[in-house]
Amino acid sequence: MTPYALTVDAGVRDLRAADHLLHRMAAGLALPEGTFGCTHLVRGDRPRVAVSLSLPSRPLLEATRERLAGAGYGAVSPGLPDAVGRAVLYPGAPALTGTMMVAELVARSAIDRVTVLGTPDPPDPETRMVTRGHVRPQWQRGELVLAAAPARGGALVPFEDPDPTPCCADH
C-alpha cells in the first residue's frame, strides 16, 4: 500500500455494505488505476466497518480528499485505521472472474501470494482457482494475501464466500 491514504467512516455495519460503498465511491469519484480500497473492522463501543483509500500519489490523495469532503460519504480522516485491511478495490481485481490458475491470479492482479487454509505450503501455481467473482485478499505484513480453501476436484476457492449464510438462518 502507498503512504497516501485516507479513511472514510460512514457508520456502515457490515462488509457487504462496505463493499458497495467502496464501489460507489470508485464510480462516483472516478478513482484512478492503482487505487486500493479496503475495509477495516472497527471495534469498541460502536462496532462498524470503515473503508480506506490508498492512492498512488499525494496530488491524487488531495484531490480525492477534496471530492470526498462534499460528497457525503462519511467522516474523512488521514491515514489508515490499521495495517490489515481487506482489499475490495485493487489493481487487477476486475479481471479475477471465472476459473484460472493460481499463477494467473497473481500475475493479473496486485495479489502477492495465495495461502491455503490448513496447509503450511503454498499451492501449486497450476492449481485451478474458482473465483466466484469475489476475491477479497487481506494485507499481511505489507503483502496482499488471498486465503483460499480446497474445493471439489482439487480446485481452490477464495475463503470468503460471496453469499454467506446469515448466522442462525435456520432458526
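Residue numbers (full-length UniProt numbering): 1 to 171.
Ideal Cβ positions, reconstructed from N, Cα and C, are used throughout, including at glycine.
None of these values were measured; they are calculated from a predicted model.
Strand pairing of residue i, partner residues [DSSP]
i: residue 129; result: 100 and 156
i: residue 37; result: 53 and 89
i: residue 147; result: 115
i: residue 75; result: 9
i: residue 135; result: Note: residue 135 sits in no beta bridge, so no partner.
i: residue 48; result: 42
Selection from the options that minimises the alpha carbon distance to residue i
i: residue 77; options: 97, 53 and 87; result: 53
i: residue 138; options: 129, 148, 132 and 130; result: 148
i: residue 5; options: 71, 35 and 93; result: 35
i: residue 90; options: 105, 79, 82 and 81; result: 105
i: residue 45; options: 11, 161, 160 and 156; result: 11
i: residue 111; options: 50, 135 and 120; result: 135
i: residue 140; options: 113, 68 and 41; result: 113
i: residue 144; options: 92, 133, 63 and 48; result: 92
i: residue 150; options: 162, 123 and 142; result: 123
i: residue 15; options: 27, 50, 33 and 29; result: 50
i: residue 85; options: 41, 26, 62 and 17; result: 41
Endpoints, the beta strand (DSSP E) within which residue i is located
i: residue 10; result: 4 to 12
Whole-Å CB distance - residue i paired with residue j, under 8 Å assumed
i: residue 88; j: residue 146; result: The Cβ separation is near 13 Å, so there is no contact.
i: residue 8; j: residue 79; result: Going by Cβ atoms, the distance from residue 8 to residue 79 rounds to 12 Å, so no, they are not a contact pair.
Beta carbon proximity, residue i to chain B, threshold 8 Å
i: residue 82; result: Here there is only one protein chain, and chain B is not present.
For residue i, the first and last residue of its enclosing alpha helix (DSSP H)
i: residue 63; result: 58 to 69
i: residue 44; result: Element bounds for residue 44: n/a, residue is neither H nor E.
i: residue 19; result: 15 to 29
At least 3 beta-carbon pairs within less than 8 Å: the region 125 to 132 vs the region 86 to 106: Here the region 125 to 132 lies against the region 86 to 106, with 3 or more beta-carbon pairs under 8 Å apart.
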